[in-house]
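Before any comments, here is the structure.
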Amino acid sequence: MPEFTKIEMQQELQTILLFEADHILLGRGEEAAEKFIGFSCGADGEYLHMDPERVDLACFPIAGSFERGYDFAFTPSVLCGLGEHEVQDLIVFMLGTPRAGGVSSGAELHRFMTPGGYCQTVADAVMARWKLEWEEGGSDFTTRELALLANMTEGAVRNALAGKGAASLTAIPGSKPVAVAFDEARRWLSGRRGFRATPHRPGQDPVLRERLSGLTDAVELGRIVRALRSETQSDEPGTLSDWPAADVEAWFTGQYVFDQQKAAELAKALDLDIPLFVGKALELSLRRDR
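So the numbering used here is basically just the index in the sequence shown, starting at one, shifted up by 41.
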């Protein structure tokens, strides 16, 4: 896990948007800036020193991409999908963020403009995981990308490059800056304690298991069932293809009538731990109906 929370990342994103509002204020004027950010800068004459909490992230689609990106990068799960277009959106958004801020404050700088910025870290970690798990052809990796994936410092990665034995890492000869080939990166990461591989089946997903265990609402269980069903849709026998549509919809909405056998069939079809799912489905139905 990174040294910052998702909430801290969101707060930094709110700050970035304030800096962007100042950029629009300079280039297009007060009306355009207010339309972009959602409120006037008033007598201050600039936005960067205003309370970031005033920025409503629900108005900015990129905020959802950063939230999903944080989960995709640091708590990978079958429920944490991220399309290639969103990966590119995060990278391009960070490339386009202001390099200085303010109107009358003298071009102020901020952490988000550095490699250690929370949003920059998320964007880079998302790209690194995408390259490792999904990109065809096998890309090379930088020391920063390997550090983010292994949850360690770049210094530790450089030490591995200089070391010997199974825990060492071999760079591509002559690469500048230093790069590591796909197969070598995957081999090395598999032995790192801080690396979390992306699960490709619900039954191999510890994040999903933890989320199921902590549920307190049948509606939320229904959302998970719906999401997993869309990922495992099949007409093969034993995959709910013979279930009445109304029964399936009842599970999707959390309005199911609990039946132990049906719950077990559903868990099997979704590749979930059967005792955990059946017990949780019973518990949540009792909570819902009390």
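Glycine included, C-beta positions come from ideal geometry on N, C-alpha and C.
These figures come from a predicted structure and were not determined experimentally.
Between Asp314 and Arg250, the gap from beta carbon to beta carbon is short of 8 Å. In the three-state scheme derived from DSSP, where H, G and I count as helix and E and B as strand, Gly142 is classed as strand.
Taking 8 Å as the upper bound for CB-CB distance, Ala191 and Leu202 are not in contact here, some 13 Å apart. With fewer than 16 other Cβ atoms inside 10 Å of its own Cβ, Lys205 counts as exposed. Around the beta carbon of Ile265, 16 or more other beta carbons sit within 10 angstroms, so the residue counts as buried. The three-state secondary structure of Phe182, taken from DSSP, is strand. Excluding five sequence positions before and after Ala304, the CB atoms of its chain that fall closer than 7 Å to its own CB belong to Phe318, Val319, Ala322, given in chain order. Inter-residue distance for Thr183 and Ala220 is about 5 Å (C-alpha atoms, whole angstroms). The alpha-carbon separation between Leu98 and Ser106 amounts to approximately 11 Å. Under the three-state reduction of DSSP output, Glu149 falls in the strand class. The straight-line gap separating the alpha-carbon atoms of Gly255 and Pro243 is approximately 16 Å. Taken in chain order, the complete alpha helix (DSSP H) segments of 4 residues or longer contained in the region 260-302 are 286-294. In the DSSP secondary-structure assignment, Val163 is not bridged to any residue. Val221 has Phe182 as its beta-bridge partners, per DSSP.
Asp63 sits in a helix when the DSSP states are folded into three classes. The C-alpha of Gly157 is placed about 33 Å away from the C-alpha of Leu253. Here the C-alpha atom of Thr294 lies approximately 5 Å from the C-alpha atom of Gly263. Across the structure, Thr138 and Glu272 are spaced so that their CA atoms are roughly 35 Å apart. In chain order, Ile103 place their CB closer than 6 Å to the CB of Phe134, counting only its own chain and leaving out the 5 sequence neighbours on each side.
Between the alpha carbons of Val163 and Leu123 lies a gap of roughly 13 Å.
Cβ-Cβ separation between Arg329 and Ala268: approximately 20 Å, too far for a contact (criterion under 8 Å).
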